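Letter by letter, the sequence shown follows residues 305 to 623 in our numbering.
We put the CB at the ideal spot given by N, CA and C, even for glycine.
Just so we're clear, the structure is a prediction, and the values are computed from it rather than from any experiment.
As structure tokens, the structure follows; a few thoughts come after it.
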Amino acid sequence: MKLSSLFQGVAMATALFAAGASAAPAYVATTAIVEHPALDAVRDGVKAVLEENGYSGDKLKFTYESAQGQPAIAAQIARKLVGEKPDVIVAIATPSAQAAVTASKDIPVVFSVVTDPIGAKVVPSLTAPGSNVTGLSDMVNVEQHLALIREFLPDLKRLGIPFNPGEANSVAIVEAMKQAAAAQGIEVVESAAPKSSDVMIATKQLVGKVDAVYATTDNTIISAFESVVKVGIDAKLPVFAADTASVERGAVAAVGYDYAALGRQTGELVLKVLAGENPGDIDVKMAEGTDLYVNPKIAKRMGVSIPDAVLARANKVID
């Protein structure tokens, strides 16, 4: 064989290899601490953005695993995903984000709906966080939530919050609400629910002690939210929420994010990483856009009515 032919063969093989490599699908591995409508909407929003931007069919390998509410399982999933070497790990909710950041030192991690990324030690800074991590925070506006509750209950004196003290995001929200409530002379009564099976008991412990219940974006509480609703109906105790999806499941009202939209905002960050940007150079994104949902039928069953001013500005009224 002539030397020139050999070089041509090598060049062709190299070109074919490169073409094959470029045709390999982008591998986006997603994981969440638990399955519930808000977190599922985040996952679906991420995938929708990827597909709309050319990552579809054989151009995308998209996987999903739930930790079923168990941080230990979240850690196992994170280690497993690191071993599979995806292009990006999308970690949904604080416990899964913490697990992914601990497990991965070089594979890009894009977290989503982490309330307090710095407090949870997911990133050291919201600006150019460094290393291999960026993502989206859904820190809620507790003052806005408290103002909404007081429209229903102007004489509110005690607000009950069932929460999982093991979830850093929940602790941050409870502390923020305690400060906001104290400034208005309102007492926050906490009730611990470390597991989903504890949610009903924790909510029942608030009956007779509070004027209303506030469900944060605590994944443990939201995964068993129907238990909170049942207690609210049985005790004529109005239940308010921090996310709009919970209104469709039985909360009286909520000013909150559309989690499908937050998934899409997260998807935009994933696109940047797939395009070659270093996650550590991408600022953590703060969730954008809030809606007001109300549920008149549930409100009546819980002993309150929707104020006309609230009903007039509601983005969605649940029938």
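Return the bridge partner residues of residue i from the DSSP annotation.
i: residue 610; result: DSSP, once it has assigned bridges, lists no residue as partnering residue 610.
i: residue 415; result: 395 and 439
i: residue 335; result: 369 and 395
i: residue 596; result: 559
i: residue 429; result: According to DSSP, residue 429 bridges with nothing at all.
i: residue 364; result: 330
i: residue 590; result: 441
i: residue 620; result: 597
i: residue 543; result: 517
i: residue 493; result: 464
Of the residues the options, which one's Cα is nearest the Cα of residue i?
i: residue 432; options: 623, 607, 583 and 613; result: 583
i: residue 561; options: 573, 594 and 544; result: 594
i: residue 534; options: 546, 547 and 511; result: 511
i: residue 531; options: 372, 498 and 503; result: 503
i: residue 542; options: 408, 620, 388 and 599; result: 599
i: residue 414; options: 401, 553, 406 and 423; result: 401
i: residue 508; options: 492, 526 and 536; result: 536
i: residue 505; options: 476, 395, 390 and 466; result: 466
i: residue 364; options: 354, 372 and 538; result: 354
i: residue 514; options: 617, 412 and 544; result: 544
i: residue 349; options: 572, 613, 607 and 603; result: 572
i: residue 516; options: 452, 411, 345 and 341; result: 452
i: residue 351; options: 577, 568, 580 and 608; result: 568
i: residue 462; options: 490, 481, 470 and 341; result: 490
i: residue 391; options: 587, 330 and 445; result: 330
i: residue 623; options: 597, 612 and 614; result: 597
Ends of the alpha helix (DSSP H) at residue i?
i: residue 550; result: 549-552
i: residue 388; result: 375-388
i: residue 527; result: 523-527
i: residue 346; result: 341-356
Any chance the CB of residue i is under 7 Å from a heavy atom of the ligand GDP?
i: residue 619; result: Inclusion of the ligand GDP in the displayed structure is not the case, the ligand content being empty and no account of it being possible.
Ends of the beta strand (DSSP E) at residue i?
i: residue 517; result: 516-519
task = Any chance you could list the beta strand (DSSP E) runs of at least 3 consecutive residues sitting entirely within the region 439-487, in chain order?
result = 462-467
message = Taking contact to mean 3 or more Cβ pairs, one atom from each stretch, closer than 8 Å, check whether the region 332-344 and the region 513-524 are in contact.
response = Segments in contact, yes.
request  = Would you check if there are 3 or more beta carbon pairs closer than 8 Å linking the region 369-384 to the region 548-565?
outcome  = Taking a contact to require three or more Cβ pairs closer than 8 Å, the region 369-384 and the region 548-565 do not qualify as touching.
Given 8 Å, three or more beta-carbon pairs between the region 380-389 and the region 437-444 = no
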